[in-house]
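With numbering that gives the first Met the number 0 applied, the sequence shown closes on residue 331, and no number is skipped along the way. No residue lacks a Cβ here, since even glycine has one placed at the ideal position from N, Cα and C. Quick caveat: nothing in here was measured; it's all calculated off a predicted structure.
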Amino acid sequence: MNHSFFCIDGHTCGNPVRLVTGGAPALEGRTMIERRAHFERDFDWVRTALMFEPRGHDVMSGTILYPPTRPDCDIAILFIEVSGCLAMCGHGTIGTVTFIIENGLVQPREPGLLRLDTPAGLVLARYTMDGPYVESVRLTIVPSFLHSSDLSVEVEGLGEVRFDAAYGGNFYAIVEPQPGYADLDQLSPSDIQRLSPILRRKANEKYRFAHPEFPEIAGLSHVMWTGVAKKPGATARNAVFYGDKAIDRSPCGTGTSARMAQLVAKGRLEIGVPFVHESIIGTEFRGMATERAKVGDYDAIVPTVEGWARITGHNTLFVNERDPLRHGFILK
0 MNHSFFCIDG HTCGNPVRLV TGGAPALEGR TMIERRAHFE RDFDWVRTAL
50 MFEPRGHDVM SGTILYPPTR PDCDIAILFI EVSGCLAMCG HGTIGTVTFI
100 IENGLVQPRE PGLLRLDTPA GLVLARYTMD GPYVESVRLT IVPSFLHSSD
150 LSVEVEGLGE VRFDAAYGGN FYAIVEPQPG YADLDQLSPS DIQRLSPILR
200 RKANEKYRFA HPEFPEIAGL SHVMWTGVAK KPGATARNAV FYGDKAIDRS
250 PCGTGTSARM AQLVAKGRLE IGVPFVHESI IGTEFRGMAT ERAKVGDYDA
300 IVPTVEGWAR ITGHNTLFVN ERDPLRHGFI LK
């Protein structure tokens, strides 16, 4: 039996987004967390087929649209990528909203606003138009918080690496300049790919990271290496590692939320002050911690992240049962 998937491809500030508009399996569940669990249990081959080679690559990221489980939402989004099914993906959401509006896939209840049902919770997406095109998308992401500070692990080649752990939709190890790591320019992309999995593995072995309200969201999945901004007007620069060897080309939406939560908690960023986050390729997201909040016992912020996306094409992808590599492969 052959399976066909209809997709819109594009990128958000340089990082790929593949939106699946047709062919995805029906999912059961009262919430998007339950639907995600159903997908992971029975349909992970869809993710690997669409994200891995030969149809995808090391940094491929995607989304699938579903009817919302919440009455206050316009559409539900499942996030898929090479590393698995994320609870939330900022760059993926910016791209998905752009593709939805430019292709007329969803009629918003309120012009200029899409209310999104995600495994991480309600996400508000406000967009601006330039004629028929989406100029930018500003997300109000889930409450984000600094989970723990001044953690450390030994990383061969760097020695003791100190980091903070913060949540912005996913859990991040945030590494700032310190002895042994002077700045992001010190690391090549291959260095980031080599060192990050070691740091992540040792961090998860030594410490426990779990969302206080959603225990299904657990484990540190991303590593953010920070540095001094290069572009005029930018606040900070970063490179985010995820999956087996992926480096985010965008400034990373959930990473920007986690970074702002860390900085606010440490008194280094004020509520209502713009935070311009520069990516490893020089693209930018504009963020802001709009207000304070609580997540369980954690002090948190309500973050917004704004960026842009562009469509690069429309695809019909086939998964042929005669193909021994039909479910994809990836080199590790």
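Legend entry - Nearest candidate by alpha-carbon position, reference F98, set L330, V154 and I7: Restricting attention to L330, V154 and I7, the CA atom closest to the CA of F98 is found in I7.
Inset, instruction - Pull up the DSSP beta-bridge partners for R114, would you. - result: In DSSP, R114 forms a bridge with L123.
Legend entry - H276 versus D298: straight-line alpha-carbon distance, rounded: Distance between H276 and D298, taken at the CA atoms: about 22 Å.
Legend entry - DSSP beta-bridge partners of S135: DSSP output for S135 lists T127 as bridge partner(s).
Legend entry - Sheet register partners of H276 (DSSP bridge): Paired residue(s): A235 and F284.
Legend entry - D247 classed as buried or exposed, judged by whether at least 16 other C-beta atoms fall within 10 angstroms: Around the beta carbon of D247, 16 or more other beta carbons lie within 10 angstroms, which makes this residue buried.
Inset, instruction - Go to P196, then tell me how far its alpha helix (DSSP H) extends in each direction, as first and last residue. - result: Per DSSP, P196 belongs to the alpha helix (DSSP H) from P188 to K205.
Legend entry - Sequence-distant residues of the same chain with beta carbon closer than 6 Å to F42, five excluded per side: Sequence-distant Cβ neighbours of F42 in its own chain, meaning closer than 6 Å and more than five residues away, are P24.
Inset, instruction - Take every Cβ of the segment 66–80, pair it with every Cβ of the segment 251–261, and state whether three or more of those distances are shorter than 8 Å. - result: No, because fewer than three Cβ pairs between the segment 66–80 and the segment 251–261 fall closer than 8 Å, the two stretches do not touch.
Legend entry - Within the segment 35–102, ranges of the beta strand (DSSP E) (whole runs, at least 3 residues): Entirely contained in the segment 35–102, the beta strand (DSSP E) runs reaching 3 residues are, in chain order, 60–65 and 74–80.
Inset, instruction - Return the CA-CA distance between T282 and G13, expressed in angstroms with no decimal places. - result: Cα-Cα distance, rounded: 7 Å.
Inset, instruction - Compute the minimum distance between the beta carbon of A264 and the heavy atoms of the ligand SAH, and state whether it is under 7 Å. - result: In terms of ligand content, the structure shown is empty, and the ligand SAH therefore cannot be addressed.
Inset, instruction - Look up V263 in the DSSP assignment and say whether it is helix, strand or coil. - result: V263: helix per DSSP, three-state reduction.
Inset, instruction - Over the uninterrupted beta strand (DSSP E) stretch that includes L324, give me the two end residues. - result: Run containing L324: none; DSSP gives neither H nor E here.
Legend entry - First and last residue of the uninterrupted beta strand (DSSP E) at H221: H221 -> beta strand (DSSP E) spans L219 to G226.
Legend entry - Within 8 Å, strictly: CB atoms of C72 and R137: No, the Cβ-Cβ distance between C72 and R137 is not below 8 Å.
Legend entry - Per-residue burial, T315 [other beta carbons within 10 Å of its own, 16 or more giving buried]: The residue is exposed, with fewer than 16 neighbouring Cβ atoms inside 10 Å.
Inset, instruction - Using only alpha-carbon positions, find the residue among T92, P273, T95 and T62 that is nearest to G83. - result: Comparing Cα positions, the closest option is T62.
Inset, instruction - Specify whether the segment 180–195 and the segment 139–148 touch according to this definition: at least 3 beta carbon pairs, one from each stretch, less than 8 Å apart. - result: Judged by pairs of C-beta atoms under 8 Å, the segment 180–195 does not touch the segment 139–148, as fewer than three such pairs exist.
Legend entry - Cβ pair L234, I173 closer than 8 Å: A quick correction: the sequence has Thr, not Leu, at residue 234. No, the Cβ-Cβ distance between T234 and I173 is not below 8 Å.
Legend entry - Residues sharing a beta bridge with H313, DSSP: Looking at the DSSP assignment, H313 forms a beta bridge with I7.
Legend entry - Cβ neighbour criterion (16 or more within 10 Å) applied to T11: So T11 counts as buried.
Legend entry - Alpha-carbon to alpha-carbon, W307 and V133: Approximately 8 Å, taken between the alpha carbons.
Inset, instruction - Please report how far the alpha carbon of F274 lies from the alpha carbon of G327, in whole angstroms. - result: Their Cα atoms are separated by approximately 38 Å.
Legend entry - Host beta strand (DSSP E) of G21 (start-end): Note, G21: beta strand (DSSP E), N14 to G21.
Inset, instruction - May I have the straight-line CA-CA distance separating I76 from L121, to the nearest angstrom? - result: Inter-residue distance for I76 and L121 is about 10 Å (C-alpha atoms, whole angstroms).
Legend entry - Coil, strand or helix - I216 by DSSP: Of the three classes helix, strand and coil, the one that applies to I216 here is coil, per DSSP.
Inset, instruction - Leaving out five residues on either side along the sequence, give the residues of the same chain with a beta carbon under 6 Å from the beta carbon of V19. - result: Result list for V19: F4, C6 and I63, in chain order.
Inset, instruction - Could you check if K244 is buried or exposed, using at least 16 other CB atoms within 10 Å of its CB as the buried criterion? - result: Burial state of K244 is buried, judged by a 10 Å Cβ sphere holding 16 or more other Cβ atoms.
Inset, instruction - Tell me whether E33 sits in a helix, a strand or coil according to DSSP, three-state version. - result: Helix, per DSSP.
Legend entry - Among V263, G168, F51 and S147, the one whose alpha carbon lies nearest that of R325: Check the Cα spacing between R325 and each of V263, G168, F51 and S147: the tightest is with F51.
Inset, instruction - With DSSP collapsed to three states, give me the class of A257. - result: Assignment of A257 by DSSP, reduced to helix, strand and coil, places it in the helix class.
Legend entry - Assumed close pair R125, L112 - CB separation to whole angstroms, cut-off 8 Å: Indeed they touch by this definition, with Cβ atoms about 5 Å apart.
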